[in-house]
Amino acid sequence: MATTLSEYSDANSFRSSEGNNNDGLLCHCGRKTSITKSWSDDNPGRLYFRCDVHTFIAWADEELQCMWQKASLLEARDIIRRQRDEIRQLIAANTKILWDQACVQESNVASGEHVPTLADNHKLEVELVKAGERERKCSATVCPFPGWVF
Numbered sequence: 001m002a003t004t005l006s007e008y009s010d011a012n013s014f015r016s017s018e019g020n021n022n023d024g025l026l027c028h029c030g031r032k033t034s035i036t037k038s039w040s041d042d043n044p045g046r047l048y049f050r051c052d053v054h055t056f057i058a059w060a061d062e063e064l065q066c067m068w069q070k071a072s073l074l075e076a077r078d079i080i081r082r083q084r085d086e087i088r089q090l091i092a093a094n095t096k097i098l099w100d101q102a103c104v105q106e107s108n109v110a111s112g113e114h115v116p117t118l119a120d121n122h123k124l125e126v127e128l129v130k131a132g133e134r135e136r137k138c139s140a141t142v143c144p145f146p147g148w149v150f
């Protein structure tokens, strides 16, 4: 069954985008169910019928997994959760750095200080290259024989 996962239905499961077209099992309350993939510690990767009101109704797949599959799925889930948390932390740190940088530039402008720009940086780099070239020409003209000291 090829389905795409379209939304989180809760912290431990994904709801299939085809799940709402389920013509099979109805909940005891009469509502249609959707097929959802479980990511709980006990049943990672198993499909079950889910009612929007009563949550779990019954397993859609009756096949139990091997222990290595369960361990692999749980490990992958935990890695994904850690990476998601790390991304959130990095985004927050980056936002703080950008905010602090903007505040420093704003305070420099407010105090009347010159705030260097990329154009200023480029001009200084060009001047540095020219100064290096002048120094080489000058040393070649003044001291034609290397090693001689005046």
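The letter at position 142 of the sequence shown is residue 142 when you use the working numbering, and the numbering goes up by one with no holes.
Glycine included, C-beta positions come from ideal geometry on N, C-alpha and C.
Evaluate residue i with the Cβ neighbour count: other Cβ atoms within 10 Å of its Cβ, from every protein chain shown; 16 or more gives buried, anything less gives exposed.
i	result
Asn43	buried
Ser111	exposed
Arg136	exposed
Thr33	buried
Arg134	exposed
Thr36	buried
According to DSSP, which residues form a beta bridge with residue i?
i	result
Ile35	Phe49
Leu26	Lys32
I'd like the list of long-range same chain contacts for residue i, defined as Cβ closer than 7 Å, with 5 residues on each side in sequence excluded.
i	result
Lys70	Pro44
Phe56	Tyr48 and Arg50
Arg31	Cys51, Asp52 and Val53
Starting from the C-beta of residue i, find all residues in its chain whose C-beta is less than 6 Å away, skip the five residues before and the five after it, and write them out in chain order.
i	result
Arg27	Here residue 27 turns out to be Cys, not Arg, going by the sequence shown. Result list for Cys27: Thr33, Cys51, His54 and Ile57, in chain order.
Trp59	Tyr48
For the alpha helix (DSSP H) holding residue i, just list the boundary residues, first then last.
i	result
Ala152	The structure shown does not extend to residue 152, since the chain is modelled only from 1 through 150, so no value can be given for it.
Glu113	Note, Glu113: premise wrong, no alpha helix (DSSP H); not H, not E.
For the ligand GTP, I want to know if residue i counts as a neighbour, meaning its beta carbon is within less than 7 Å of at least one of the ligand's heavy atoms.
i	result
Gly132	The ligand GTP is not part of this structure, which contains no ligands at all.
To which residues of the same chain is residue i closer than 8 Å at the C-beta, ignoring the five residues directly before and after it?
i	result
Ala102	none
Lys130	none
Less than 8 Å between CB atoms is the rule here; does residue i satisfy it with respect to chain B?
i	result
His54	Of the protein chains in the structure, only one exists, and it is not chain B.
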